[in-house]
Structure formats: C-alpha cells, structure tokens
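Engineer: For the sequence shown, counting from 1, position 585 maps to 585 in the working numbering; every step adds exactly one.
Note that the Cβ used here is the ideal one computed from N, Cα and C, for glycine as well.
Please read these numbers as outputs of a predicted model, since none were measured by experiment.
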Amino acid sequence: MLLRLDVCVHVSDTKGVGRRCHCKECYYGNGENYRGTISATVSGEPCIGWGNRTYELQKYPWANLEHNYCRNPDGAERPWCYAGEGGEWGYCDIQPCSGLVCKDRGIPRRVRPSPVKPHYWPGEKVNYTCESGFILEGAVISECQRDATWDTAVPTCKVDERALLLEEKVALVKPSLPPTGDVIITAEGLVSSIVNVDETIPAITTDSSFYLHWYDPRLAWTPSSYGDLQLIELDANKVWRPTIQLLMNANPDYRGFPEVNVVVKADGEVLWILENLLVTTCNLDQYFFPFDNMTCPICVGGKFRSGDEIRCREENSTEDVMNCSGTREVPGGEWSVSVSLEASGNQACLNLHLRRNPTYHMCTTVTPFMVLSLLMCLTFFLPADGGARLGYAMTILLSMFVNLVVITDFLPRSGNIPFIGIVNIVAIVMMSVFMLVTTWIVRLSQRETEMSQCTKVFFLGCCARLVLLGDMRRVPKEDKDILLVNSRIVLDGDDIGITQDTGNSQGSPEADVATVLKGLKTVMRSTQQSLEALRQSLDGWKKDGPSDDRDEGESDWERLALVLDRLCLIFYLGGLFASVPIILHFGYRRLL
C-alpha cells in the first residue's frame, strides 16, 4: 500500500515567496505492500531492474516487481532492491509512515560522525571521533533504537592535554642527548618467581624486574597548564635512556630487554621498568653437598658518563618492589631463596642466596652410600673357601661406582668435588684394595704347608688376642704323648721287700715304716687304676681327632685367614672413619 504525504515547503523565487507542495512516499509495516517508485538504496546507488531476477518473479508474482522499483517480496525488514555492479541487495531509502527513524542530531564542534545521513534506521550506528589534538568525551558509538531514539547522548570534544604536552615538550627533546649535569639513577628490584635452577652449569632462570628512576628536567611541566595531568606514558624511544644491559648472562638466545614504555611524571622523573625471563650464572659451593649454598647475582649495568651512577632508592615506589634495606624470601622448590638488592657504581644487582633442602638427597644419595659402605663389612665374615665372598664384594664395588655417577650427574663439571664424592672415592679405593687383600687371604687359607712357629706365635697368638679372638694356637702332639707316657705308673708289690719281725715288731721303728709303706702301696694301686682309665679316654680322643699332620696344617692356615679377615675389617672401618675428619680438614683449608 502506497501512501503519499503532502509536504508543503516555502520557496522563494523572483516573484516572491510562494508555497509549493511535494508528495513524499512512505510505507506501513515492513513495506510488503509498498508500490511506490523510489529506486535507490540508502547509500544512493540506483536499483537494478527485476527483469533478470527469474527466481523472484516466479516465486513472488504478486509482489509487483516492475522496473527497478524498491519492493519487499520476501518479508524483509523494509523494502529493498538489487544495486551495484555485483548485484548485491540493499535497503532502499524510504521512510516508514510511522516516522520511527532517528533524525540527524547535528554535528558538535570538533566532532566527526560517520556516516552522515539525514536519518538513520533502527539498528544503525554512528561512530564519533575528534579532530587532531582533541579527545572525545562521551560514547564513541551511538545506536538508533526501535523507538526512533538514540541510546547515548551526542559526544563532545575537548583539548587533548597529552597530545598538547607531547607537542610542546616531548617533541623538543632529542633522545640521543642526555640531560645536563650528572644523572643519578636510583634502582629498585623484584624477583617474581624462580623458574629453574640448573646446577650443572650452574645457572638460574628467574622472572625478574628492575625499576630505574632518574630525572630529566627537559620533560618537566606544570600540571595546571595541561588539565592537571600528573604523568604520562611514552614510547621509550622518545626519551633519553641510559645504556643498560644484562651482566653474567647464561642464555645464548638472549636479545636484550623487551621494549616497554616509560612513565614520566610532572616533575621530570622518568621510570623505566626492565622485566624479562633472565638466565644468569651462579656461584655454587658444592663441597658440603647436600648441605650446600649457591649465590646467584642478577646484575644490570652499563657504561656511564663521568659523574653518572646507580644508587639504591631510599623508599619503595610500590609495595611489591624492594630496595637495599632488606631481604625477601622467594619460593624455590628444592631451594630456600632469599633476595637482596645492592646498587653502586655502574650496576645494580639482585643477589639471590640459595640454600638447598637436603632431605631429598639425604634419602636418595647419601643414605645409599652409607649403607653400601657398611655392607662391605660383611665381606670379611663370609667363608674364605668359596667364591661368594669375591662376588659379593664386586657387587658392592659396582654399586658404589653407580652411586658416584649419580652424585656427579647433577653437579657442575669442575675441579671441585663435593665432600660426599671424595669420601665415596676413598671408600671405592679402600674396597678395591681390600678386595685384593681378600683374594690373597682366600689363596692363603688353601695352603697345605706347615706354618712356621713364629707365624703361629705372632698371628695366632698375639694378633688373635688383639682382635678379640683369643689364643688360636694348637697344643703340639708330642707334648700330649709325653703326658700320656708320664701318666703310666707300674707298681709291683714284690719290689717292696718288707719283712716283719714279729718278735721285734712291737714298739720298733721298722714296724711303723712297714705299716706306712703298706698303706702307700694300696693308695698307689688305686691311683694306677685311675690313670689307666684316663689313658684309655685320651686314646679314644686321639682316634676321633685329626688323623695326620697335613690336616692340622690346613686348620692353622684357616685360622690365620680368620685373623687376617678381622684385621682387614678393623683397618677398613678405621680408614673409612678416619678419612672423614681428614677430608673435612683439607676442605676447610681450601675454602679459606
């Protein structure tokens, strides 16, 4: 349905002021019944005729698709047509009869709207910007609502104090020229986290920041002259900066600190924040591993003019950063890390003092070493006549080598070997030596020759008692035979010739002697019977004992091997325990 609105306007011509009426087309609803003759899109492009649009002509025969007039055959939001070389569709510039369109609100001074149209359809947006040197106050985008109102007020533009400051102050400063006079740079620091600690280099990776402050009078301004502007953030390349680089760098891929803006205050103070993941070398004192310490200085510095220097900042600019007045603890996993800051001369350093938590390595490294060292003692208690002793000792020795490799795997490859490593090496050397001695003892225990009397006296007598084994010497066989022979007493009653003189027996001394001798004869016969029984018992013991001299010789050599094993055990433990204070003594001398 087409509705023509009669709009009367006053026009002036040579004949004076007259009145002329124009008919303005509009549509109701969504314009499906629109039958007007408008044939241009909102952008002003002319519509293309419907003659070659077979699809629309066949599907919507009722839509009056004539010429290139705007129509709405498919029930779109409002009438439309195809336009342009590509034949793309667009809404037509037809107002609804309800008048629900947003009118142009005008253009305030310095404001630049886009796009500029006499009216805007619901849903259309207008972008607002300002001329150079001005900043926008208000909404950047305004949208036309369905009730023909704008969602925001018209913005305005005001002078951009920052741009004015850049033009009047910063643009006049040459970044290549330093400020006049001596430049005192005050430093603050911050270690946010410990990323990695590599003990084999040694090096540390940290997320660290340095806050460098200095004054440049050329950048100072009066805040009241620039809208009470107290500070601005500038491109670092627009101001002078000291030449700063990372010292003791351990990262071959390091390319310097990233470019960040600087903050300039109204009094001319410049703040430059250097932040990055930094990999720096450390000084590791590994001698008392796993109770060792490591110092990791993270330093920045450069070459300054005479008179320029870096100092510590007296007060922290924020609560997060630190100055030279104290230390802070930073979580570091296996390490306890304390951080302090120092600055002097031409460099500032964040000093990290790392103390290792020994629990892990005590359980995985030191304890196995101690257990293996003590298990070596069992070698001297195993039988000397078998191969189990040498096999067991070889297994312990190989385990000690593996433990030494584990210790040196995560420590720096340097000439400084940790205390536990030196003790491990000493234990390995002692085990190797005593393995050779054990091999000789095994061979010695299998000898079949007669042992010399001096060897018996010294080793089986003196040394055996010294190692708490007692006197291990055998009683010679000849001595036993002598005892047995001497135990034989033969008595014959007829050898004792005693005659009695009955006539003279009473009261005579001879009668008393005869009586005594008769009693003595009875006692000696009883003693002879006892000694004979003892002799028979000793003969039985001799039959059950060693059968020849060769077996007695082997027994002596085996007892000698037992004494030597006990001596080796004492020397091994004594040498192992004595090596600890000796190694510590020379270690302290090296540290001093």
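Measuring only the C-alpha atoms, how far is E131 from C157?
Structural biologist: 8 Å
Engineer: Taking the beta carbon of W62 as the centre, do at least 16 other beta carbons fall within 10 Å, making it buried, or is it exposed?
Structural biologist: With fewer than 16 neighbouring CB atoms inside 10 Å of its own CB, W62 falls in the exposed class.
Engineer: When you compare each of S336, V140, L352 to T359 by their alpha carbons, which one comes out closest?
Structural biologist: S336
Engineer: Quick one: what's got a C-beta closer than 8 Å to D556's C-beta in the same chain, skipping five residues either side?
Structural biologist: M451, K456, L460, R474
Engineer: Does E532 come out as helix, strand or coil in the three-state DSSP assignment?
Structural biologist: helix
Engineer: In whole angstroms, what separates the C-alpha of L219 from that of D409?
Structural biologist: Rounded to whole angstroms, L219 to D409 spans 55 Å at the Cα level.
Engineer: Provide the residue span of the alpha helix (DSSP H) that contains T379, from first to last.
Structural biologist: Looking at the DSSP string, T379 is not in any alpha helix (DSSP H), and its letter there is neither H nor E.
Engineer: Per DSSP, what are the beta-bridge partners of D308 in this structure?
Structural biologist: DSSP lists no partner for D308.
Engineer: Going by other Cβ atoms of all chains shown within 10 Å of its Cβ, with 16 needed for buried, is P418 buried or exposed?
Structural biologist: buried
Engineer: Does the Cβ-Cβ distance between G268 and Y215 come in under 7 Å?
Structural biologist: Yes. Within cutoff.
Engineer: What does a CB cutoff of less than 7 Å around L277 pick up in its chain, not counting 5 residues either side in sequence?
Structural biologist: V195, T205, D207
Engineer: Where does I48 sit, in a helix, a strand or coil, going by DSSP?
Structural biologist: coil
Engineer: Mapping the DSSP letters down to three states, classify I204 as helix, strand or coil.
Structural biologist: strand
Engineer: Quick one: grab the DSSP three-state call for W240.
Structural biologist: coil
Engineer: CB-CB under 7 Å to C282, same chain, minus the five flanking residues each way: which ones, in chain order?
Structural biologist: Within the same chain, P202, A203, I204, M294, T295, C296 come within 7 Å of C282 by CB-CB distance, once the 5 residues on both sides are set aside.
Engineer: Return the residue from the list F369, I396, P217, G86 that minimises the CA-CA distance to G181.
Structural biologist: P217
Engineer: Can you give me the C-alpha to C-alpha distance between L274 and S209, rounded to a whole angstrom?
Structural biologist: One C-alpha to the other measures close to 5 Å.
Engineer: Any idea if V580 is buried or exposed, counting beta-carbon neighbours within 10 angstroms, 16 or more meaning buried?
Structural biologist: exposed
Engineer: Which full runs of the beta strand (DSSP E) of 3+ residues lie inside the stretch 77-110, going along the chain?
Structural biologist: 80-83, 88-91
Engineer: Run through the DSSP bridge pairs and tell me what P593 is partnered with.
Structural biologist: Given that the chain is displayed from residue 1 to residue 592, the structure contains no residue 593 and the question cannot be resolved.
Engineer: Measuring alpha carbon to alpha carbon, tell me which residue in G99, P155, A578, C324 is nearest S107.
Structural biologist: This sequence places Ile at residue 107; Ser is not what is there. It is P155.
Engineer: Taking all protein chains shown into account, do 16 or more other C-beta atoms lie within 10 angstroms of the C-beta of Q453, making it buried, or fewer, making it exposed?
Structural biologist: Looking at its Cβ environment, which holds fewer than 16 other Cβ atoms inside 10 Å, Q453 is exposed.
Engineer: Quick one: is V485 buried, meaning 16 or more other Cβ sit within 10 Å of its Cβ, or exposed?
Structural biologist: Confidence at V485 is low in this model, with a pLDDT of 43, below 50, so the placement of that residue should be treated as unreliable; the coordinate-derived value is given next. Its Cβ having fewer than 16 others within 10 Å, V485 is exposed.
Engineer: Less than 7 Å between the beta carbons of A83 and G75, yes or no?
Structural biologist: no
Engineer: Count the other CB atoms, across all protein chains shown, that sit within 10 Å of the CB of L436; report buried if there are 16 or more and exposed otherwise.
Structural biologist: exposed
Engineer: If you follow the beta strand (DSSP E) that N351 is in, where does it begin and where does it stop?
Structural biologist: 347-356
Engineer: Label W272 either buried or exposed according to how many other C-beta atoms from any shown protein chain fall within 10 Å of its C-beta, with 16 as the threshold for buried.
Structural biologist: So W272 counts as buried.
Engineer: Report the three-state DSSP secondary structure of L164 (helix, strand or coil).
Structural biologist: helix
Engineer: Please classify H361: is it buried, with 16 or more other beta-carbons within 10 angstroms of its beta-carbon, or exposed?
Structural biologist: buried
Engineer: Return the chain-ordered list of same chain residues with a C-beta closer than 6 Å to the C-beta of E188, the five sequence neighbours on each side being excluded.
Structural biologist: Excluding residues up to 5 positions away in sequence, Y211, R313, V321, N323 lie with their Cβ nearer than 6 Å to the Cβ of E188 in the same chain.
Engineer: Does M524 pass the burial test, meaning 16 or more other C-beta atoms within 10 Å, or should it be called exposed?
Structural biologist: exposed
Engineer: Should E532 be labelled buried (16 or more other beta-carbon atoms within 10 Å of its own) or exposed?
Structural biologist: exposed
Engineer: With a 10 Å radius around its C-beta and 16 neighbouring C-beta atoms as the bar for buried, classify G87 as buried or exposed.
Structural biologist: exposed
Engineer: Just the Cα atoms here: how many angstroms apart are D147 and Y28?
Structural biologist: 15 Å
Engineer: Enumerate in chain order the residues of its own chain whose CB-to-CB distance from L229 is below 8 Å, with the five nearest sequence positions on each side excluded.
Structural biologist: E161, R162, L165, W221, P223, A266
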